[in-house]
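Trainee: Dumping the structure here so I can ask a few things about it.
In this note's numbering, the protein residues as written are 275 to 661.
Structure follows, in structure tokens:
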């Protein structure tokens with residue numbers, strides 16, 4: 275990572291998220307001691323991980339998802355649970371951390387995505403987000419009986435259209451559309467439900483949604499940035515961008531490009547794969563062991579192998595322009611436990627993370643990121659101003 279030091283008392287706290295994927299991002303992690311492979315598809319496994327992240331007051335818990343199973347030649351962990359369903363299960367069991375499932379736009383209808391994420395926002399009391407993703411492989415297309423695979427740029431164009439539709443559907447109920455008038459028996463004010471009448475290159479959606487406007491109005495939208503096509507989508511539609519880059523300087527340049535294209539102060543988080551142990555040599559050796567067990571899985575960007583203290587120092591030294599990081603543990607639960615127990619307290623001691631709020635005072639995910647709750651675009655002006 276870069277050695278450009280950020281101020282010890284930043285104007286806004288270092289944002290910190292974690293991506294939790296089965297036994298860890300490395301597909302051979304299930305073979306390590308302590309991984310509990312027999313429990314990977316149980317609710318208890320996810321509850322333990324989420325409880326650790328929530329107690330540490332991490333900003334985001336990203337639940338990955340994909341329609342790809344893998345080929346018979348790959349001897350790695352296979353199979354996964356539905357990310358939205360996992361997040362919905364965790365919602366009432368957590369109190370602080372934002373819950374951000376991945377939903378691919380390639381094989382999922384916008385109306386379903388709108389309803390699922392809005393429902394998660396209700397069940398989490400305003401802590402829901404959505405990470406946009408695309409499905410790029412023939413294997414995924416075959417799973418849906420579709421012929422051929424679109425170019426990546428086309429997939430991201432479809433993703434942009436999907437996010438636009440979903441955001442319109444989230445706005446299709448005004449905040450006060452639900453009246454619950456016992457005297458008249460009227461539950462909904464139909465004048466405050468709106469057809470979105472969206473017609474684009476790939477979708478024609480009339481609306482409105484069947485789900486009332488959720489606590490945040492617009493749940494947090496996270497877009498990963500890996501190339502120019504995804505950068506354009508993030509610039510136009512993201513609340514938070516996740517940047518993959520080979521080094522800190524490249525990540526800072528991506529952040530600059532994003533904000534220039536967006537014309538706004540977009541929040542940018544750096545993706546970092548991590549493997550932590552009390553001894554740095556043990557972390558390096560364990561990463562090498564993972565590669566021996568399942569070769570051919572190079573870092574997807576930056577990778578930090580070391581101790582909790584070395585990671586805390588690296589996060590403190592993120593280049594200007596980056597608001598924080600999403601950490602992807604190569605192994606679970608060991609690295610997550612080190613992160614919560616040893617890294618977060620170090621960041622707090624250095625003034626980079628605030629104290630954890632009481633469980634009932636965490637607020638919404640948008641509030642956590644300093645983002646206002648937007649008014650529905652369809653709300654009619656009222657006397658004396660606008661809603």
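Note that CB positions come from ideal geometry on N, CA and C, so glycine has one too.
For the region 326-343 against the region 395-411, do three or more pairs of beta-carbon atoms, one drawn from each stretch, fall closer than 8 angstroms, so that the two count as touching?
Mentor: Touching, per the Cβ criterion.
Trainee: Leaving out five residues on either side along the sequence, give the residues of the same chain with a beta carbon under 6 angstroms from the beta carbon of residue 376.
Mentor: Residue numbering aside, residue 376 sits at position 102 when the chain shown is read from its first letter. Hits under 6 angstroms: 338, 339, 357, 405 and 407.
Trainee: Give the range of the beta strand (DSSP E) segment to which residue 311 is assigned.
Mentor: Position 37 of the chain shown, counting from 1, holds the residue named residue 311. Segment: none, residue 311 is in no beta strand (DSSP E) and carries neither H nor E.
Trainee: Are the CB atoms of residue 475 and residue 443 within a distance shorter than 8 angstroms?
Mentor: Along the chain shown, one-based indexing puts residue 443 at 169. Along the chain shown, one-based indexing puts residue 475 at 201. No, Cβ-Cβ distance for residue 443 and residue 475 is not below 8 angstroms.
Trainee: Short check: CB of residue 600 to CB of residue 545, under 8 angstroms?
Mentor: Position 326 of the chain shown, counting from 1, holds the residue named residue 600. Position 271 of the chain shown, counting from 1, holds the residue named residue 545. Yes, these two residues count as a Cβ contact at 8 angstroms.
Trainee: Can you check DSSP and say which residues form a bridge with residue 603?
Mentor: Looking up residue 603 in the chain shown gives position 329. According to DSSP, which records beta bridges pairwise, residue 603 is partnered with 548.
Trainee: Closest to residue 292 by C-alpha separation, out of 450, 306, 301 and 326, would be which residue?
Mentor: The residue labelled residue 292 in the question sits at position 18 within the chain shown. Nearest of 450, 306, 301 and 326 to residue 292, Cα basis: 326.
Trainee: Hey, would you say residue 540 sits closer than 8 angstroms to residue 532, going by beta carbons?
Mentor: Start at 1 with the first residue of the chain shown, and residue 540 comes out as number 266. Start at 1 with the first residue of the chain shown, and residue 532 comes out as number 258. The answer is yes: Cβ separation under 8 angstroms.
Trainee: By the DSSP assignment, the alpha helix (DSSP H) with residue 352 in it spans what residues?
Mentor: What you label residue 352 is simply residue 78 of the chain shown in a count that begins at 1. Note, residue 352: premise wrong, no alpha helix (DSSP H); not H, not E.
Trainee: Is the distance from the Cβ of residue 359 to the Cβ of residue 567 below 8 angstroms?
Mentor: As a first step, residue 359 must be located in the chain shown, where it is residue number 85. As a first step, residue 567 must be located in the chain shown, where it is residue number 293. No; because the gap between Cβ atoms is not below 8 angstroms, this pair is not in contact.
Trainee: In terms of alpha-carbon separation, which member of 450, 506 and 473 lies closest to residue 491?
Mentor: As a working mapping, residue 491 is identified with position 217 in the chain shown. It is 450 whose Cα lies nearest to the Cα of residue 491.
Trainee: Are the CB atoms of residue 311 and residue 297 nearer to each other than 8 angstroms?
Mentor: Here the question's residue 311 lines up with position 37 in the chain shown. Here the question's residue 297 lines up with position 23 in the chain shown. Yes; because the gap between Cβ atoms is below 8 angstroms, this pair is in contact.
Trainee: What is the DSSP secondary structure of residue 596, reduced to helix, strand or coil?
Mentor: For this step, residue 596 is matched to residue 322 along the chain shown. DSSP places residue 596 in coil when its eight states are reduced to three.
Trainee: Among 401, 392 and 341, which residue has its Cα nearest to the Cα of residue 368?
Mentor: Position 94 of the chain shown, counted from the start, is the residue given in the question as residue 368. Cα-wise, what sits closest to residue 368 is 401.
Trainee: I'd like to know whether the C-beta atoms of residue 370 and residue 536 end up nearer to each other than 8 angstroms.
Mentor: Counting from one through the chain shown, the residue named residue 370 turns up at place 96. Counting from one through the chain shown, the residue named residue 536 turns up at place 262. Cβ atoms of residue 370 and residue 536: not closer than 8 angstroms.
Trainee: By a C-beta neighbour count over all protein chains shown, 10 Å radius and 16 as the cutoff for buried, is residue 319 buried or exposed?
Mentor: Reading the chain shown from its first residue, position 45 is the one you call residue 319. The residue in question, residue 319, is buried, as its Cβ has 16 or more Cβ neighbours within 10 Å.
Trainee: At what residues does the beta strand (DSSP E) containing residue 455 begin and finish?
Mentor: Within the chain shown, the letter at position 181 stands for residue 455. It spans 452-455 - the beta strand (DSSP E) in which residue 455 sits, taken as one unbroken run.
Trainee: Closest to residue 483 by C-alpha separation, out of 498, 489, 467 and 494, would be which residue?
Mentor: If you number the chain shown from 1, residue 483 lands on position 209. Measuring from the Cα of residue 483, the nearest candidate turns out to be 467.
Trainee: For residue 501, I'd like the list of residues in its chain whose CB is within less than 6 angstroms of its CB, leaving aside the five on either flank, ordered along the chain.
Mentor: Sequence index remark: in the chain shown, residue 501 carries index 227 (1-based). Excluding sequence neighbours, residue 501 sits near nothing in its chain.
Trainee: How about the region 453-461 and the region 377-394: do they share at least three Cβ pairs that are nearer than 8 angstroms?
Mentor: The region 453-461, when compared against the region 377-394, does not touch it at the 8 angstroms Cβ threshold.
Trainee: Please state if the CB of residue 550 and the CB of residue 581 are separated by a distance shorter than 8 angstroms.
Mentor: Position 307 of the chain shown, counted from the start, is the residue given in the question as residue 581. Position 276 of the chain shown, counted from the start, is the residue given in the question as residue 550. Yes, Cβ-Cβ distance for residue 581 and residue 550 is below 8 angstroms.
Trainee: Please confirm whether residue 401 has its beta-carbon closer than 8 angstroms to some beta-carbon of chain D.
Mentor: Absent here is chain D; the protein component of the structure consists of one chain.
Trainee: Given 8 angstroms as the limit, is there contact between the region 425-434 and the region 407-417, that is, 3 or more CB pairs closer than that?
Mentor: Judged by Cβ distances under 8 angstroms, the region 425-434 makes contact with the region 407-417, as three or more pairs qualify.
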